[in-house]
Every structure is written in structure tokens, then in C-alpha cells.
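Protein chains in written order, with UniProt numbering: chain E, 1 to 202; chain W, 1 to 202; chain D, 1 to 202.
Worksheet: the structure to be examined is printed underneath.
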Amino acid sequence: MAPLSPLLVADLVGIAVFAASGATAAVAKRLDLFGVIFVGFLAALGGGIMRDVFINVQPFAFVDWRYALVAVLTAAATFRLHPTVSRLRWTVLVLDAAGLGLFVVTGTLKALDAGVPPLGACIIGMLTGIGGGLVRDLLTGEIPTVLRREIYAVAGLLGCVSVAALDAVHLQRPVSIALAATLTFVLRMVAIRRNWSAPTAS
Amino acid sequence: MAPLSPLLVADLVGIAVFAASGATAAVAKRLDLFGVIFVGFLAALGGGIMRDVFINVQPFAFVDWRYALVAVLTAAATFRLHPTVSRLRWTVLVLDAAGLGLFVVTGTLKALDAGVPPLGACIIGMLTGIGGGLVRDLLTGEIPTVLRREIYAVAGLLGCVSVAALDAVHLQRPVSIALAATLTFVLRMVAIRRNWSAPTAS
Amino acid sequence: MAPLSPLLVADLVGIAVFAASGATAAVAKRLDLFGVIFVGFLAALGGGIMRDVFINVQPFAFVDWRYALVAVLTAAATFRLHPTVSRLRWTVLVLDAAGLGLFVVTGTLKALDAGVPPLGACIIGMLTGIGGGLVRDLLTGEIPTVLRREIYAVAGLLGCVSVAALDAVHLQRPVSIALAATLTFVLRMVAIRRNWSAPTAS
């Protein structure tokens, strides 16, 4: 089990935010307490589980109990406090953008370290960031939001590509992570403020 | 291939019941013969496939032909005999509760044996029990039942926790399995009789 | 990375067709450019990803960049040219049948080579062929077509069984592949022309 480094703390904050987003969607669909916790758990950890399955290691979500605990407690708290969570919409969006940046960047690096070539590692990194939201939407009977509108996955993908490029020129890992995650975060926030969307077919 | 022990027979009975439940849902959605068999197969074996993917072994569902054969034959028989299966609703509920108890308990033990720590092993054990039903509902276009009502997954989770606890104090495996599976079974039956449900958010 | 053999070229053609089919479904659901590419990618490569997860290797879709590139470019082109792609319906059906034949046969052989027994290898082979379409339909909020009508998966399954049988009698691999893929292709085309469907329950 890794010590409680700044990176791990940031990771756990990202997981808490994703769990709250999953739990909020589940409450809106009138799922019961178990359903809310389950959807919150998978919204928070589903992307990382996919990543670990693809790189052939036991998913960290099952191996390090702190991840599961943070996801479960946050989802349970959201079940109780969901009106408050809904009022915090802006805070949740900001933290979600931060979580996205962190997840795609660390996902890409873990895939590279497992020997996956750069293009594949970027796709796995992006799936780490959007996989939880995909599972959340599938479980609650929605076509995934990330496929329909807004610049979300594309912001994540840029983070993957930049961290892979910075790593290829042997920049130090903490610097690469900080730069690429910040880039993703800023792009995502600008996209929200300016209401940017990807085009749909004419 | 394991010899035909009492545990394997019980496992196969559980698989047959889950396959019948999946096939019944598929018939209700007017799927064709292939669809009914496919949904039955995944309802029966999807939970175990998830478990084996997470602990990084080739899924038993593909390795031991008896599992696939029982699932396919039961689903095909349900396709023909579905009015009879529907009349057996109470029998199916009882056998399903028994299958749940068995799957969560053996799933937890397999995860522990693969080196997954107790909390993660319990989550994997629960997924072994509810995973097939999740896949069945997703394939037939429903929000998973297990997330919406009734004490089902929670009964399974208690079975996981108890078998992990009994195993930690080095009780003999057959005794641990029998105790924890029975606990799950009884809790699930009482929940059905008393119409217990998990709470939904207010 | 494998050299550009005839088999690989055929594989890439199959992937392009599956990507076009996924992208067309995504355009019809009004997904944005990212969603169209993402669904196209998974429609083309989802079956192979499942296969590789089940036989415990890193998915080729992430390891060999040519697969991802062909899928992404085809999906992007379909986003632009979807009226043309729709007019090519018959061409797409023919190429799709060819892709199905190829994917199920190579999927079965890869599973056999990974030590999976014949029955399980056939199921994995079939999943390789139909998995992408399953994911495409789940992501676009549909009950999977393959479960509802037409002889599609069954044609694939016959290809799996024949290639496993031919391989068991030690026929040369290229001959086995050609025979079994052709059988699947012909059966699928006849099923389309004669409008064959699997039965539904009465």
C-alpha cells in the first residue's frame, strides 16, 4: 500500500468527487441506498478498474482499501445530503475537472509503465478518466453524456497526449503530471465557461 | 477439471437457476432463440467471468465446459418451457437465493486465495453474485433491479463479510462456506417474505 | 508488431467496416464527433478487447497502433460522409459478413492457442465477432440487434466450431481459416438474402 503522498491525496479527492457525481445521478433515478452506493463506487473507480484490466493487473480499487472506502463513504453521504450536493454544482464541476486531469494523466503513465505503446496508453488514459461516467450512465439507463456534448473526453485526451510527449523527452514525472493535468483542467474549465461543444453531424 | 464434488453440483444448480432467470427476462423482451440463450448464459456466468477477470485468471466459464453446457441447456429449455418456469416463480426465488449465497461466498474465497485483501475480496464476491443479474438487465434495456429495490446485494455482502471473517480465524473451508452461504440464503428469504427494501433518498 | 500480411489486411478491412457501422449508429443518435469516433472505435475493437481480456493478454487494440488508427479514421470519415455510407448499405452488409467470418475464426484460434478448451474457445470466438456490435448498441441505448433477430451470431458460431474442428484434425492454419471464414460469410449472406431469422418464443 502506497504511503499517503500528495498524489494519493489528490487521487482520493478525485474519487470522492466522481463518487458524488455517480451517487447524485443514482438518487435522481430513485435507486435505493445500495444502488446509490454501487453506482457511486463504479462512477469513482470504474475507469481505474478498466485501466487495470487492460494492463493485466489486479484492479487497485480492490487491492487498496482506501479507494473503496472513500468512494463508498462519499456515495453514502451524498445519499443523505443530496440537496446540498446539488447546490454545490459549481464546486463539483471544478473538482470534477481536477479529477479528470489527474485520472487521465496517471492512467496514461501507468499504461506506459506496463509496456503499452504511446497511442494505446493515451486511449487507456482517456478511458481511465471517462470510464466511470460511462458506467454511471449505462447503469442509470442513459446514453453516456460524454458521447453527446461538451468538451470533456477531448480535454482528457489532450492531457494524455501531453503527458506521453513530456515523458518521451524524459521530463521528471512530477513535473509532467502537474503540467498535463493542469492543461486538462484549464481546457475543461474554459470549455464549461464558454459552453464549447464538439460538433454533431449535419 | 475439478471432480463432481457436492460443491460443484451446488454451483451448477445455481448456474441453472440464474440461466433460467436470464432466459425468462429475455423471452419477456421477445428476444430470439439465440438472444435467450445468450442472455441466459451471461446471467448465469457473467458474475463469475467478472470475478475471474478481476483476479487475472482465465474465466472458469470458458475453461470448464460443464458450466457453459448447463447454462446453455437451461436457457434453451426455458425458451421452450417458459410458461412453466413462470409458474415456478416461488421455486425459482428459493433456488436463486441459494445460488446467491453460494456464488458470493465462493467468489470471496477465490479472491482471497488470489491475494486480494479482505475488503476488495468482499466486493468481488458480491459482484460474483449480482454481476449476472446486472448484465441480464443491461442487455434487456432495464435499469438493474438489484440497484432499485429489495434486500439482495446486501444479503450477498453479509455473506462475503462473514466468510472472510470465518476464514480469517482459520475455520475449515467447508464449514465457513456452509455457514456464510446459509446466512445469505436465510437473510434473502426473510427479506422476500417480509418485503424488506433498502431505503430510497427522501 | 506483425508485418502487413494478407490476414492483417483482411483484419483491418473488417475493423474499418465495423467502425463505419458503429459510427453510423452514433450519427443516427445525434452523438457529437467524439461520441461517433468513440462508438466506432469500440464497435470495431470491442470484440477483440473482450477476447484479449478473457485470455489474459494486453488487448491488441491498445498494443498495435494500426488497429486504433484505422478504426478512428474510418469513424471520423463516416461522421463527414454518413449519407454516402448509408447509400452503401449493401456493400457494408457484405463487408460486415466478411469481417464477422474473419473475427470469429481468428478469435477462436487465439483462444485455443492461449490454452482455452474448444467449447470455451468457440464462445470467445463468437464474442470476438459480436462483442463490438453489443457495445455499440448498449452505448446508443438499444437492446442489442444480435439478440433480437437474424442469423448473425449463429453464423459466427458455426465458423468457430468448424475452425476448432479443422484445427483439431491438424489442417494447416491458413486453410482452416479460409474454409471456416468462408462458411460463416456464405451462411450470413444466404441468411440476409432469404431473410432467415432465429425463432422467438411462442
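The beta-carbon is built from N, C-alpha and C at its ideal position, and this holds for glycine as well.
Just so we're clear, the structure is a prediction, and the values are computed from it rather than from any experiment.
Beta-carbon contacts of W:F62 that lie in its chain and below 6 Å, excluding the five residues immediately before and after: If we look at W:F62 and ignore the five residues flanking it on each side, it has no Cβ neighbours.
Chain-ordered chain C contacts of D:P59 [CB-CB under 7 Å]: The chain inventory of the structure shown lacks chain C, comprising the protein chains E, W and D.
Bridge partner(s) assigned by DSSP for D:T106: Bridge partners of D:T106: none, in fact.
For W:T200, three-class secondary structure by DSSP: Correct three-state label for W:T200: strand.
Under 7 Å (Cβ pairs) to chain D, residues found in the region 168-201 of chain E: Those would be S197, A198, P199, T200 and A201, in chain order.
Touching by the beta-carbon criterion (3+ pairs, under 8 Å), the region 177-188 of chain D and the region 86-105 of chain D: Yes, they touch.
Proximity test, Cβ basis, 8 Å: E:G47 and chain D: It does not: the Cβ of E:G47 has no partner Cβ on chain D nearer than 8 Å.
Selection from W:G14, W:V36, W:K29 and W:G159 that minimises the alpha carbon distance to W:V72: Out of W:G14, W:V36, W:K29 and W:G159, W:V36 has the C-alpha closest to the C-alpha of W:V72.
Assigned secondary structure, E:D32 (DSSP; H/G/I helix, E/B strand, else coil): For E:D32, the secondary structure class from DSSP, reduced to helix, strand or coil, is strand.
Secondary structure of W:V169, DSSP reduced to three states: The three-state secondary structure of W:V169, taken from DSSP, is coil.
Helix, strand or coil at E:P6 according to DSSP, with G and I counted as helix: It is helical.
Local Cβ density within 10 Å of E:T168, reported as buried at 16 or more and exposed below that: The residue asked about is misnamed: residue 168 of chain E is Ala in this sequence, not Thr. Exposed, since its Cβ has fewer than 16 Cβ neighbours within 10 Å.
Min CB distance D:A153 to chain W below 8 Å: With 8 Å as the cut-off, D:A153 counts as an interface residue toward chain W.
Outcome for W:D96 when other beta-carbon atoms lying within 10 angstroms are tallied against a minimum of 16: Under the 10 Å beta carbon count, W:D96 is surrounded by 16 or more other beta carbons and is classified as buried.
Contact set for D:M189: own chain, Cβ-Cβ below 6 Å, skip 5 residues either direction: A97, listed in sequence order.
Contact set between D:V116 and chain W, taken where Cβ atoms lie within less than 8 Å: In chain order, Q58, F62 and V63 make up the part of chain W whose C-beta sits under 8 Å from the C-beta of D:V116.
From W:L81, W:H82, W:V105 and W:P6, residue whose alpha carbon lies closest to that of W:V161: Of the listed residues, the one whose Cα sits closest to W:V161 is W:V105.
Through-space distance from W:N195 to D:N56, alpha-carbon basis: Going from the Cα of D:N56 to the Cα of W:N195 covers about 42 Å.
Rounded C-alpha distance that separates D:A198 from D:A121: D:A198 and D:A121: Cα-Cα distance of roughly 23 Å.
Three-state class that DSSP yields for E:L88 in the structure shown: Coil, per DSSP.
Given 8 Å, three or more beta-carbon pairs between the region 39-47 of chain W and the region 112-121 of chain W: Output reads no: the region 112-121 of chain W does not touch the region 39-47 of chain W.
Through-space distance from D:F34 to D:W90, alpha-carbon basis: In a straight line, the C-alpha of D:W90 is about 27 Å away from that of D:F34.
Residue interval of the alpha helix (DSSP H) (run including W:R136): Counted as a single uninterrupted DSSP element, the alpha helix (DSSP H) harbouring W:R136 occupies residues P118 to L139.
Spatial neighbours of W:A2 in its chain, beta-carbon cut-off 8 Å, leaving aside the 5 residues before and after: For W:A2, where only same-chain residues beyond five positions count, the Cβ hits under 8 Å are L8 and D64.
Coarse secondary structure for D:D113, derived from DSSP in three states: DSSP places D:D113 in the helix class (H, G or I) of the three-state scheme.
Cβ-based contacts, 7 Å cut-off: residues of the UniProt domain "Glycine transporter" (94-166) of chain E near chain D: Only those residues of the UniProt domain "Glycine transporter" (94-166) of chain E whose C-beta falls short of 7 Å from the nearest C-beta of chain D are listed: V116, P117, L119, G120, I123, I124, L138, I143, P144, L147, R148, R149, A153 and V154.
Proximal residues to E:L31 (C-beta, below 7 Å), its chain only, five neighbours per side dropped: Exclusion of the five residues before and after E:L31 leaves V39 as the residues of its chain whose Cβ lies within less than 7 Å of its Cβ.
Reference W:G132, options W:I49, W:A26 and W:V13, closest by Cα: Looking at the Cα atoms, W:I49 is the closest of the given residues.
W:L93 beta carbon less than 8 Å from that of W:I177: In this structure, W:I177 sits away from W:L93, with a CB-CB distance that is not shorter than 8 Å.
Ordered list of beta strand (DSSP E) runs contained in the UniProt domain "Glycine transporter" (9-82) of chain E, each at least 3 residues: Counting only runs of 3 or more, we get nothing.
D:T108 burial status per 10 Å Cβ neighbour count (16 or more: buried): That one is buried.
Top-ranked residue by Cα proximity to D:R66, from D:G14, D:R87, D:A164 and D:V27: Residue D:G14 is the option with its Cα nearest to D:R66.
Cβ-based burial, E:V85 [other Cβ within 10 Å; buried from 16]: That one is buried.
Pairwise C-alpha distance: E:L171 and W:I151: Their backbone Cα atoms lie some 52 Å apart in a straight line.
As assigned by DSSP and simplified to three states, the class of D:I177: D:I177 falls in the helix class under three-state DSSP.
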